[in-house]
Amino acid sequence: MADVPAGRLPKPQMRGLLISHLKRHGAIALVFSMGVTLAYKLAVADPRKRHYEEFYKNYDVKREFEAMKEAGIFNCARPSWEQAEED
Amino acid sequence: MATPAQLGLMDAASPVMEEMIYFHDHVMLVLILITCLIFYSMLVLISSKYIYRFLTDGHVIETVWTVIPAIILVVVALPSLKLLYLTDELDNPQLTIKSVGHQWYWSYEYTDYYDIEFDSYMLPLGDLSKGDARLLEVDNRVVLPVDTSVRVLVTAADVIHSWTVPSLGLKMDAVPGRLNQLALQCSRVGTFYGQCSEICGANHSFMPIVIEAVPVEVFEGWCDMMLDEESLGSLNMKR
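Protein sequences appear in the order of chains A and B. Letter by letter, the first sequence follows residues 1 to 87 of full-length UniProt numbering. Letter by letter, the second sequence follows residues 1 to 239 of full-length UniProt numbering.
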């Protein structure tokens, strides 16, 4: 009996285990889902908007048209090398 | 056009389609939030050993999970309605063309300044050149000026068809006896493909749409070419 320690263990939670479990994991679920959502926004949605902005910032219609024309994309404007061949 | 095994939307070629892509990203955020929440909840509930057999109701949680979905629906609905009205906006169109669906081809009319009409049939397999897309190429393409507000009047001559160009965010039913209006604006040059989107008979899958967006000067040159008497016979045109 002399070697029983004087301190006590903390009293374990006796009631409301399910509710406290749900509250804790409900908060974790919210943080986790909002984190994944933010990651999608930062990794996919915002870069896509920036990509479109940058594409049209210095978009040169004539330069792009000439490049596509020479590649033979259009029917209404044939490439210069095709007309040279015909000549 | 779409590339093989493509899952996402096509790259936008018009301001409206760009807004549709941004709206799709917005709705995906909501879906990811809900999916992650449900997925984690399922994991936790399946692995939990706690049971409370006298649990009958929870007024606070029931209020929360009624109000929050209503808020989520409003967050989705407001941008959706804004986009819906944006697609209907027609900002002083500089050109009007008519698209008429037939079994099984499209015919186009440019009657604003000139009287240009032509039919647009799918190119059969044997007539394709190297690099052409199967079931998507046509003999006479719709040529339009880039960065120009265009009104497209869509109708049909026989059964219901649907004039669709996904990269421009366009789809409108072609109903006989009815004129439907579309607002079109190409932001960049290029060729944009679409297919009939309303079942219309045996060759429903074989009446595609091809738009060539070109600078205004090239468009005017094309109009002059179309009006040239010598090309009338080869283009199945009417005057």
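Positions of the beta carbon are idealized from the N, C-alpha and C atoms, including for glycine.
Item, Value
"Run the proximity test for His204(B): is its beta-carbon closer than 7 Å to any non-hydrogen atom belonging to the ligand NAD?", "Inclusion of the ligand NAD in the displayed structure is not the case, the ligand content being empty and no account of it being possible."
"Out of Gly35(A), Pro47(A), Gly26(A), Arg78(A), which one is the CA nearest neighbour of Val64(B)?", "Gly26(A)"
"What residues from chain A crowd round Thr191(B), counting only those whose CB sits closer than 9 Å?", "Met68, Ile73, Phe74, Asn75"
"Given a threshold of 16 other Cβ atoms within 10 Å of its Cβ, counted over all protein chains shown, does Lys238(B) qualify as buried or as exposed?", "Note that Lys238(B) scores a pLDDT of 37, beneath 50, so its modelled location is shaky and nothing firm can be said."
"DSSP three-state label for Ser167(B), please.", "helix"
"Where does Thr155(B) sit, in a helix, a strand or coil, going by DSSP?", "strand"
"If you measure from the beta carbon of Asp25(B) to each beta carbon in chain E, is any gap under 8 Å?", "This model lacks chain E altogether; the protein chains it does include are A and B."
"Which two residues bound the contiguous alpha helix (DSSP H) that contains Gln83(A)?", "80-86"
"Output needed for Pro79(A): all residues of its chain with C-beta closer than 8 Å, excluding positions within five of it in sequence on either side, in chain order.", "Lys69, Glu70, Ala71, Gly72"
"Which residue from Asn75(A), Glu53(A), Ala29(A) puts its Cα closest to that of Leu43(B)?", "Ala29(A)"
"In chain order, what residues of the same chain have a beta carbon less than 7 Å from the beta carbon of Ser167(B), not counting five sequence neighbours either side?", "Met10, Asp11, Ala12, Ala13, Met17, Phe192"
"Give a yes or no on contact between the segment 94-107 of chain B and the segment 115-128 of chain B, applying the rule of three or more CB pairs nearer than 8 Å.", "yes"
"In the structure shown, what three-state DSSP assignment does Phe54(B) receive?", "coil"
"Quick check: the segment 35-50 of chain A against the segment 61-76 of chain B, are at least 3 beta-carbon pairs closer than 8 Å?", "no"
"Three-state secondary structure (DSSP) at Tyr85(B)?", "helix"
"Report yes or no: do the segment 125-134 of chain B and the segment 179-192 of chain B share at least 3 C-beta pairs separated by less than 8 Å?", "no"
"In whole angstroms, give me the CA-to-CA distance for Phe74(A) and Val30(B).", "41 Å"
"Would you give the residue range spanned by the alpha helix (DSSP H) that Lys69(A) belongs to?", "61-70"
"Please report the straight-line C-alpha distance between Phe206(B) and Gln195(B), rounded to a whole angstrom.", "8 Å"
"According to DSSP, simplified to helix, strand and coil, what is Thr37(A)?", "helix"
"Taking the alpha carbon of Cys186(B) as the reference point, which residue from Val159(B), Met172(B), Pro93(B), Leu227(B) has its own alpha carbon closest?", "Pro93(B)"
"Assuming contact is defined by CB atoms lying nearer than 8 Å, are Glu19(B) and Leu83(B) in contact in what I supplied?", "yes"
"Can you look up Met1(B) in the DSSP assignment and give me helix, strand or coil?", "coil"
"Quick one: does Glu82(A) have its CB under 8 Å from some CB of chain B?", "no"
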